[in-house]
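I have placed the structure first, in the form of structure tokens, so that the comments after it can refer back to it.
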Amino acid sequence: METVHYTDNMSYGSGSQGPSADYCHLMAELKAQNFDVMKFSSYRTACKLRFIQKRISLHLVDIWNVIEAFRENGLNSLEPRMEINIPRLETLVTSIYFQLNKRLPSTQQIDLDQCTTLLLNWLMSAYDPEDTGKVRVFSIKIALATMCSGKLMDKLRYIFSLICDNNGLLVQSKFADFLREILQVPCSVHESPTFGYRDNLPTSIIDG
């Protein structure tokens with residue numbers, strides 16, 4: 001089994017003061033779960049991602065809520081390769097949790113500020129390793145569509161709509177881009193040795 005190293009030197013944006021205390025605590029909590037003793041990488045990674053999903057309350061957010069948030073914040077009209085900065089990403093994330101609290105009973109309200117901070121830090125750590133303070137629209141859509149809840153078919157249909165042409169046919173270059181982005185999700189929980197991207201991966205999947 002691979003040796004996994006956890007680090008706390010992750011920053012979520014250019015000019016930031018590094019990861020929030022809440023995010024560092026989340027990573028420490030993840031490590032304390034001792035998931036790394038699990039032999040099979042797929043199970044191990046699933047447990048880690050489920051832990052993150054529940055801690056940032058994305059298990060309460062449906063794929064349709066995410067799609068609506070993209071629309072309300074204007075991301076549906078942006079080119080996939082376009083980048084947005086931290087303030088705009090924070091606005092998107094805040095709106096997702098704000099709408100979630102409106103749907104939840106008063107006794108089950110989430111901590112909006114904490115969840116926003118955790119999700120923002122997680123996204124920037126996963127998709128802004130160079131600390132530029134920007135993330136691609138496509139990265140955000142893939143990450144949130146993957147980590148939210150909802151029917152698997154609904155999530156797959158949405159993701160496919162991002163990587164197909166106007167005739168509903170898969171675009172191989174977009175599929176390769178999707179694989180790069182989706183594999184950043186397991187990498188965010190230190191599983192890159194098992195789930196890292198390879199240049200021949202798209203071809204090997206399509207050709208079987």
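UniProt numbering numbers the first residue of the sequence shown as 1 and each following residue consecutively. Using N, Cα and C, we set each Cβ at its ideal position, and we do this for glycine too.
Review point. What beta strand (DSSP E) runs, 3 residues minimum, are completely inside the UniProt domain "EF-hand" (25-148)?
Key: 83-85 and 134-136
Point to revise | For L183, the three-state DSSP class (helix, strand or coil) | key: coil
Check your understanding: With distances taken between CB atoms, is the gap from A69 to I96 smaller than 8 Å?
Key -> yes
Check your understanding: Whose CA, out of I206, L118 and N200, lies closest to the CA of K54?
Key -> L118
**Study point:** Helix, strand or coil at L169 according to DSSP, with G and I counted as helix
**Key:** coil
Review point. When the Cα of I205 is compared with those of H190, A176, V185 and G196, which residue comes out closest?
Key: A176
Exercise for review: Flag V189 as yes if its beta-carbon sits less than 8 Å from any beta-carbon of chain C, otherwise no.
Suggested key: Protein chains in the displayed structure number just one, and chain C is not present.
Point to revise | When F98, K31, F35 and E83 are compared against N65, the one with the closest alpha-carbon | key: F98
Point to revise | T7 to C24 span [Cα, whole Å] | key: Interpretation of T7 is limited by its pLDDT of 39, a score under 50 that renders its predicted location unreliable; no figure is taken from the coordinates.
Practice item. Report, in whole angstroms, the separation of the C-beta atoms of C187 and F178, which I expect to be a contact under 8 Å. Key: Not quite, the Cβ-Cβ distance comes to about 15 Å (not below 8 Å), so this is no contact.
Practice item. Tell me whether residue 210 is buried or exposed, calling it buried when 16 or more other Cβ atoms sit within 10 Å of its Cβ. Key: Nothing in the structure corresponds to residue 210, since the chain is present only between 1 and 208.
Point to revise | CB of P80 within 8 Å of CB of R136, strictly | key: yes
Review point. So, using beta-carbon positions, are I163 and K151 closer together than 8 Å?
Key: no
**Study point:** CB contact flag (V61, S149, <8 Å)
**Key:** yes
Practice item. With distances taken Cα to Cα, identify the nearest neighbour of M147 among I52, Q114 and Q108. Key: I52
Review point. Under 8 Å, do K155 and A145 count as touching if we go by C-beta distance?
Key: yes
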